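**Q**
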Amino acid sequence: MTKKKKGSGFQLGTILALVIMCLFLAISNKNFYSYSNLMSILKQTAFNAFLAVGMLLCLITAGIDLSVGANAVFCACLMGALAKAGMSSGIVLMIIGIVAGGVVGFINGTLLTRLHLPHPFVSTLGMKNVLWGLALLVTGSQMINVFPASVQWLGLTTIGGFPVSFIVVIVLYVVMHIFLSKTALGRSIYCAGGNMEATRLSGINTANVLTFCYTMSGIMAALAGIVSVGRSGICNGANATQPYDTDAIAACIIGGASFTGGKGTMFGTMLGCLIISVLRNGFTLLSIDSAVQNIVLGLVIILAVLMDVIRAQMEAKRRRLAAAK
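Now the structure itself:
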């Protein structure tokens with residue numbers, strides 16, 4: 000049995016936690032189960048879900064990408080700056096944004112695999128600050144709200160109130176599930192996270208695998224940036240400091256991924272994204288002070304990491320008992 004399948008046993012508990020949270024909020028505030036509020040939750044989920052796809056790929060390889068949130072903001076700001084300068088083609092703007100996000104991800108991967116920085120925590124944290132500065136630079140530290148309608152379509156359009164962005168997320172997650180579970184490259188990603196040296200000795204180019212994961216993380220961040228433009232209609236470089244990356248990390252870990260690598264599923268990550276969105280929505284409905292919100296979200300992240308540690312300890316114990324038989 001592979002490591003990714005072992006983690007799936009925790010998904011029942013994740014589903015139960017989501018159900019209990021929804022029941023609590025429904026009792027606490029009657030507006031929680033209103034159609035408009037549920038659709039609002041899905042809109043919030045879409046942004047984090049795009050970021051979490053790339054984050055999951057990095058976590059499976061025992062890495063991390065702390066620049067995803069800043070990358071999303073930078074791509075949105077780059078598109079905004081070009082739109083303000085007179086570029087009116089929404090398709091061209093989105094292509095430029097996606098390419099820019101992919102280039103940032105490629106640089107992150109290159110710093111790790113070719114320049115051999117000790118850990119992606121270092122390089123991606125540095126990149127987060129670089130992107131924050133670039134986002135402010137390209138916009139002149141101002142908010143921009145002159146995006147073409149086609150750029151806002153993904154994050155703004157709904158079908159019967161149901162957000163198109165979440166439909167795209169569902170399709171993306173199904174495709175990524177098939178990719179990770181059925182393709183050679185997908186299996187190589189899990190292998191690299193499980194044992195990098197053994198994967199290399201088996202003939203798999205681990206440097207290319209890692210570079211692919213971080214490049215994909217950058218592309219997913221760019222898509223999240225496009226969704227954010229549709230939701231708000233603006234871009235703001237100052238938002239690069241928002242904890243978007245921690246939300247994505249928490250979603251992946253809650254969903255069964257591990258900092259030790261080799262584990263994680265798209266289904267579990269989707270559950271984690273929904274839990275984060277429901278939690279944030281509940282804060283708003285219950286008018287909880289922002290300071291308390293930060294405390295609770297911080298505790299959720301700590302709890303998610305603790306769950307990861309407990310899972311690793313339980314699996315290590317099972318392996319020892321199996322070896323002793």
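Going by numbering that gives the first Met the number 0, the first residue of the sequence shown is number 0, and it counts up by one from there.
Here a beta-carbon is modelled for each residue, glycine too, at the ideal position from N, C-alpha and C.
As the structure is a prediction and not an experimental result, all values here were calculated from the model.
If I measure Cβ to Cβ from A223 and keep anything under 6 Å in the same chain, skipping five residues before and after, which residues do I get?
**A** Translated into positions along the sequence shown, residue 223 becomes position 224. Once the five neighbours on either side are set aside, the close Cβ partners of A223 are F46, F49, L50 and A71.
**Q** Look at T214 and G108 and say whether their C-beta atoms are less than 8 Å apart.
**A** Locating residue 214 in the sequence shown gives position 215, counting from the first residue. Locating residue 108 in the sequence shown gives position 109, counting from the first residue. In this structure, G108 lies closer than 8 Å to T214 by Cβ.
**Q** Can the beta-carbon of L284 be found closer than 8 Å to that of L24?
**A** Start at 1 with the first residue of the sequence shown, and residue 284 comes out as number 285. Start at 1 with the first residue of the sequence shown, and residue 24 comes out as number 25. Note that the C-beta distance between L284 and L24 is below 8 Å.
**Q** Looking at C-beta atoms only, is the number of pairs between the stretch 73-90 and the stretch 294-310 that lie closer than 8 Å three or more?
**A** no
**Q** Kindly indicate which three-state DSSP category P119 falls into: helix, strand or coil?
**A** Within the sequence shown, the letter at position 120 stands for residue 119. Of the three classes helix, strand and coil, the one that applies to P119 here is helix, per DSSP.
**Q** Figure out for me which residue from R318, G260, I95 and S201 has the closest Cα to the Cα of Y189.
**A** Your numbering for residue 189 matches position 190 in the sequence shown. Shortest Cα-Cα distance from Y189 to any of R318, G260, I95 and S201 involves G260.
**Q** Pick helix, strand or coil for T283, following the three-state DSSP scheme.
**A** Your numbering for residue 283 matches position 284 in the sequence shown. Looking at T283 - three-state DSSP - the assignment turns out to be helix.
**Q** Is it buried or exposed, D244, if we count other Cβ atoms within 10 angstroms and call 16 or more buried?
**A** Taking the sequence shown and counting its residues from 1, the one referred to as residue 244 is at position 245. Buried.
**Q** Which of the three DSSP states, helix, strand or coil, is assigned to I158?
**A** Here residue 158 corresponds to residue number 159 of the sequence shown, with the count starting at 1. Strand at I158.
**Q** Taking the alpha-carbon of A220 as reference, which of F31, V52, S33 and N28 has the nearest alpha-carbon?
**A** As a working mapping, residue 220 is identified with position 221 in the sequence shown. Restricting attention to F31, V52, S33 and N28, the CA atom closest to the CA of A220 is found in V52.
**Q** Rounding to the nearest angstrom, what Cα-Cα distance links L130 and T205 in this structure?
**A** For the purposes of this step, residue 130 is taken as residue 131 along the sequence shown, with counting starting at 1. For the purposes of this step, residue 205 is taken as residue 206 along the sequence shown, with counting starting at 1. Each residue's alpha carbon lies about 27 Å from the other.
**Q** Would you list the residues sitting across from I97 in a DSSP beta bridge?
**A** For the purposes of this step, residue 97 is taken as the residue at position 98 of the sequence shown. BP columns for I97 are empty, so no partner.
**Q** Can A303 and I252 be called in contact, C-beta distance under 8 Å?
**A** By 1-based counting over the sequence shown, the position of residue 303 is 304. By 1-based counting over the sequence shown, the position of residue 252 is 253. Going by beta carbons, A303 and I252 fall inside the 8 Å limit.
**Q** How many Å lie between I287 and I275 at the Cα?
**A** On the sequence shown, position 288 is the one that residue 287 refers to. On the sequence shown, position 276 is the one that residue 275 refers to. About 15 Å.
**Q** Would you kindly work out how many angstroms separate the C-alpha atoms of T1 and K262, rounded to a whole number?
**A** Taking the sequence shown and counting its residues from 1, one reaches residue 1 at position 2. Taking the sequence shown and counting its residues from 1, one reaches residue 262 at position 263. Residue confidence is low: T1 scores 43 on pLDDT, short of 50, so the model does not pin down where it sits. Its coordinate-derived value is still stated next. Cα to Cα, the separation comes out at about 9 Å.
**Q** How many angstroms separate the CA atom of M38 from the CA atom of F165?
**A** On the sequence shown, residue 38 is found 39 positions in, with the first residue counted as 1. On the sequence shown, residue 165 is found 166 positions in, with the first residue counted as 1. Looking at the two C-alpha atoms, the distance is approximately 9 Å.
**Q** Tell me whether I275 sits in a helix, a strand or coil according to DSSP, three-state version.
**A** The count along the sequence shown starts at 1 and reaches residue 275 at position 276. It is helical.
**Q** Between which two residues does the alpha helix (DSSP H) harbouring T245 extend?
**A** By one-based count along the sequence shown, residue 245 stands at place 246. From DSSP, the alpha helix (DSSP H) with T245 extends over Y243 to I253.
**Q** If contacts are defined as beta-carbon pairs under 8 Å, then M78 and V103 qualify, I think. What distance do you get, rounded to the angstrom?
**A** Taking the sequence shown and counting its residues from 1, the one referred to as residue 78 is at position 79. Taking the sequence shown and counting its residues from 1, the one referred to as residue 103 is at position 104. M78 to V103, Cβ: 14 Å. No contact.
**Q** Please classify K4: is it buried, with 16 or more other beta-carbons within 10 angstroms of its beta-carbon, or exposed?
**A** Taking the sequence shown and counting its residues from 1, the one referred to as residue 4 is at position 5. Note that K4 has pLDDT 45, beneath the 50 cutoff, so the model's placement of it is unreliable and no number is given.
**Q** Name the two residues that bound the continuous alpha helix (DSSP H) containing N47.
**A** Counted from its first residue, the sequence shown places residue 47 at position 48. Note, N47: alpha helix (DSSP H), Y34 to I59.
**Q** Identify which residue in V174, I203, I177 and V173 has its Cα closest to the Cα of S187.
**A** Start at 1 with the first residue of the sequence shown, and residue 187 comes out as number 188. Closest option to S187, Cα to Cα, is I203.
**Q** If you draw a straight line from the C-alpha of R318 to the C-alpha of K324, how long is it?
**A** As a working note, residue 318 is residue 319 in the sequence shown. As a working note, residue 324 is residue 325 in the sequence shown. Spanning the two alpha carbons is a distance of roughly 10 Å.
**Q** N144 and I233 look like a contact to me (Cβ under 8 Å); what is the Cβ gap, rounded to whole Å?
**A** Reading the sequence shown from its first residue, position 145 is the one you call residue 144. Reading the sequence shown from its first residue, position 234 is the one you call residue 233. About 4 Å; that satisfies the 8 Å criterion.
**Q** Could you spell out where the alpha helix (DSSP H) holding Q292 opens and where it closes?
**A** Locating residue 292 in the sequence shown gives position 293, counting from the first residue. S289 to A323 is the span of the alpha helix (DSSP H), which, as asked, contains Q292.
**Q** According to DSSP, is I143 helix, strand or coil?
**A** Counting from one through the sequence shown, the residue named residue 143 turns up at place 144. Of the three classes helix, strand and coil, the one that applies to I143 here is strand, per DSSP.
**Q** In angstroms with no decimal places, state the Cα-to-Cα distance between S19 and V295.
**A** By 1-based counting over the sequence shown, the position of residue 19 is 20. By 1-based counting over the sequence shown, the position of residue 295 is 296. It should be pointed out that residue 19 corresponds to Ile in this sequence rather than to Ser. Taking C-alpha positions only, I19 is separated from V295 by approximately 17 Å.
**Q** Does the beta-carbon of Y32 have 16 or more other beta-carbons within 10 angstroms, so that it is buried, or is it exposed?
**A** Here residue 32 refers to the residue found at position 33 when the sequence shown is read from its first residue. Under this definition Y32 is an exposed residue.
**Q** Are the beta-carbon atoms of G281 and I225 separated by less than 8 Å?
**A** If you number the sequence shown from 1, residue 281 lands on position 282. If you number the sequence shown from 1, residue 225 lands on position 226. Cβ distance not < 8 Å, so G281 and I225 don't count as in contact.
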